[in-house]
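A.B. asks:
Chains as they are written, first to last, in the numbering used here: chain G, 6 to 206; chain P, 6 to 206.
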């Protein structure tokens, strides 16, 4: 019983909300009571949206980004630059990068990063599928946009070694100070990377 | 399209989450992708909990607290002190007060507070129903636990005037410094109330 709430279906919804990441007991309670007072259509629309997503969303069979078609909108688009491929850990990364409007190539979603601690090896990721794509296509650039952390670096390193001697530009996203950030709050590693990567103005 | 996400059912769920209070675009996206990866049963359980709540929850016909029965668990309980009645604005207030374990009487939920600015008058609240209860029962104490703000005070004042000369103790919750709070951060009104209500130790 969530917080001593004796109305079963209310307590159950609070519990379900609490299972979502970043939603504490207070927020779960607030969301539940909001929906309790909200028009029935709004509550129904939320429930339907959850079910529809689980029913309809699959992974693109080319790049493994989320999709409602066997091949996703990016892979099937005629306006993308098919000479570039960007490797990311997650579908959310595709969305974040694409929103910038500064990259117009294709993507490949690994669905994770190599992490021995969590028991995730290369075989658990879409790395074999990436290698097949690289063999079958003639990409001029491979952008390894895995996260700038230990696992992401290891994964990028692993992939670049696996590729070896192929004639293709292999790049990583630039490291440095975040725009709008404050120099004095930047950690040492970021500052070091910012100094190493300094550019002439 | 939420943030340029071209997968319709994903974008729709993000939009539905964004309609909930306190959920911004980032959180909506995070929750959606969490559910996308979560087991189908978890997503289904959330959707079902939303629908069940909307289908099953009604208001208690005695006190207007949320309930799944015509008469709620508090009103039908044999262990409550039936000589006391506590008036609150909202069902959440019932839950908060009951969780303290320091009040064992009955409740009456007004479903709002008088607020001329928002066009909410006494006739929009469960005030007539409260008067009927007061007439038909012999309560020894009426605790007016509306919020300690303008609307809550006005509502408490209105109700106490309406009751007039009846022989019944009418009380308000104590005002003062919140426990664990810091004196220097308390606002002037709260401090004034804390001084006025000071007690001998």
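Glycine residues also receive a C-beta, built at the ideal position from the N, C-alpha and C atoms.
For residue 85(G) and residue 148(G), I'd like the C-alpha separation in whole angstroms.
C.D. replies: 15 Å
A.B. asks: Please tell me whether residue 56(G) and residue 55(P) are closer than 8 Å, where the distance is taken between their beta carbons.
C.D. replies: no
A.B. asks: Take every Cβ of the segment 92-99 of chain P, pair it with every Cβ of the segment 139-157 of chain P, and state whether three or more of those distances are shorter than 8 Å.
C.D. replies: yes
A.B. asks: Any Cβ of chain G within less than 8 Å of the Cβ of residue 8(P)?
C.D. replies: Here the model assigns residue 8(P) a pLDDT of 42, short of 50, so the residue's position is not dependable, and the following value carries that caveat. It does: the Cβ of residue 8(P) has a partner Cβ on chain G nearer than 8 Å.
A.B. asks: So, at 6 Å on beta carbons, what are the nonlocal neighbours of residue 146(G) in its own chain, with the 5 sequence-adjacent residues on each side left out?
C.D. replies: 89 and 174
A.B. asks: Compare the beta carbon distance of residue 12(P) and residue 72(G) with 8 Å and say whether it is the shorter of the two.
C.D. replies: Between residue 12(P) and residue 72(G), the C-beta spacing is below 8 Å.
A.B. asks: So what does DSSP say about residue 14(P), is it helix, strand or coil?
C.D. replies: helix
A.B. asks: Assign residue 205(G) to one of two classes, buried (16 or more other C-beta atoms within 10 Å of its C-beta) or exposed (fewer than that).
C.D. replies: exposed
A.B. asks: Report the rounded CA-to-CA distance for residue 180(G) versus residue 52(G), giving the unit in angstroms.
C.D. replies: 41 Å
A.B. asks: Would you report the Cα separation of residue 123(G) and residue 66(G), rounded to the nearest angstrom?
C.D. replies: 26 Å
A.B. asks: With 8 Å set as the bound, which would you pick, yes or no: does the beta-carbon of residue 81(G) sit closer than that to a beta-carbon of chain P?
C.D. replies: no
A.B. asks: Can residue 182(P) and residue 199(P) be called in contact, C-beta distance under 8 Å?
C.D. replies: Yes, they are a contact pair.
A.B. asks: Who does residue 168(G) pair with in a DSSP beta bridge?
C.D. replies: Residue pairing from DSSP leaves residue 168(G) without any beta-bridge partner.
A.B. asks: Classify residue 34(G): buried if its beta carbon has 16 or more other beta carbons within 10 angstroms, exposed otherwise.
C.D. replies: Residue 34(G) should be labelled buried.
A.B. asks: Nearest to residue 69(G) by CA position, among 46(G), 32(G) and 99(G), is which residue?
C.D. replies: 99(G)
A.B. asks: Under the rule that 16 or more other beta-carbon atoms within 10 Å means buried, what is residue 14(P), buried or exposed?
C.D. replies: buried
A.B. asks: Going by beta carbon distance, what residues of the same chain come within less than 7 Å of residue 3(P), once the five residues before and after it are set aside?
C.D. replies: The question about residue 3(P) has no answer here: the residues shown for chain P are numbered 6 through 206.
A.B. asks: Would you mind telling me which residues of chain P sit closer than 8 Å to residue 32(G), beta carbon to beta carbon, in chain order?
C.D. replies: 27, listed in chain order.
A.B. asks: Taking the alpha-carbon positions, what's the residue 19(G) to residue 50(P) distance?
C.D. replies: Taking the straight line joining both Cα atoms gives about 12 Å.
A.B. asks: Could you spell out where the alpha helix (DSSP H) holding residue 134(G) opens and where it closes?
C.D. replies: 132-141
A.B. asks: Between the Cα of residue 36(P) and the Cα atoms of 37(G), 24(G), 185(G) and 47(G), which residue gives the shortest distance?
C.D. replies: 24(G)
A.B. asks: With a 10 Å radius around its C-beta and 16 neighbouring C-beta atoms as the bar for buried, classify residue 6(G) as buried or exposed.
C.D. replies: In this predicted model, residue 6(G) has a pLDDT of only 36, less than 50, meaning its place in the structure is not dependable enough to derive any value.
A.B. asks: Using 8 Å as the limit for Cβ to Cβ distance, is residue 55(P) near chain G?
C.D. replies: Interface residue, yes.
A.B. asks: Closest to residue 42(P) by C-alpha separation, out of 59(G), 32(G) and 29(G), would be which residue?
C.D. replies: 59(G)
A.B. asks: Residue 138(P) and residue 116(P): beta carbons closer than 8 Å?
C.D. replies: Going by C-beta atoms, residue 138(P) is not nearer than 8 Å to residue 116(P).
A.B. asks: Got a sec, what are the start and stop residues for the beta strand (DSSP E) residue 176(P) sits in?
C.D. replies: Unbroken beta strand (DSSP E) run through residue 176(P): 174-177.
A.B. asks: Looking only at its own chain, which residues have a Cβ that is under 6 Å from the Cβ of residue 191(G), when we skip the five neighbours before and after it?
C.D. replies: 182
A.B. asks: Any residues in the segment 56-71 of chain P with a beta carbon nearer than 7 Å to a beta carbon of chain G? Which ones, in chain order?
C.D. replies: Residues of the segment 56-71 of chain P with a C-beta atom less than 7 Å from some C-beta of chain G are 56, 57, 58, 59, 61, 62 and 71, listed in chain order.
A.B. asks: May I have the straight-line CA-CA distance separating residue 164(P) from residue 125(P), to the nearest angstrom?
C.D. replies: For residue 164(P) and residue 125(P), the distance between alpha carbons rounds to 15 Å.
A.B. asks: Report the rounded CA-to-CA distance for residue 195(G) versus residue 184(G), giving the unit in angstroms.
C.D. replies: 13 Å
A.B. asks: CA-CA distance, residue 8(P) and residue 26(P)?
C.D. replies: Any reading at residue 8(P) must be qualified, since the residue scores a pLDDT of 42, below 50, and its modelled position is unreliable; no value is offered.
A.B. asks: Roughly how many angstroms lie between the CA atoms of residue 77(P) and residue 161(G), to the nearest whole one?
C.D. replies: 59 Å
A.B. asks: Closer than 7 Å by beta-carbon distance: list the chain G residues that pair up with residue 52(P), in chain order.
C.D. replies: 52, 55 and 56
A.B. asks: DSSP on residue 185(G), reduced to helix/strand/coil?
C.D. replies: coil
A.B. asks: Would you mind stating whether residue 150(P) and residue 102(P) have Cβ atoms separated by less than 8 Å?
C.D. replies: yes
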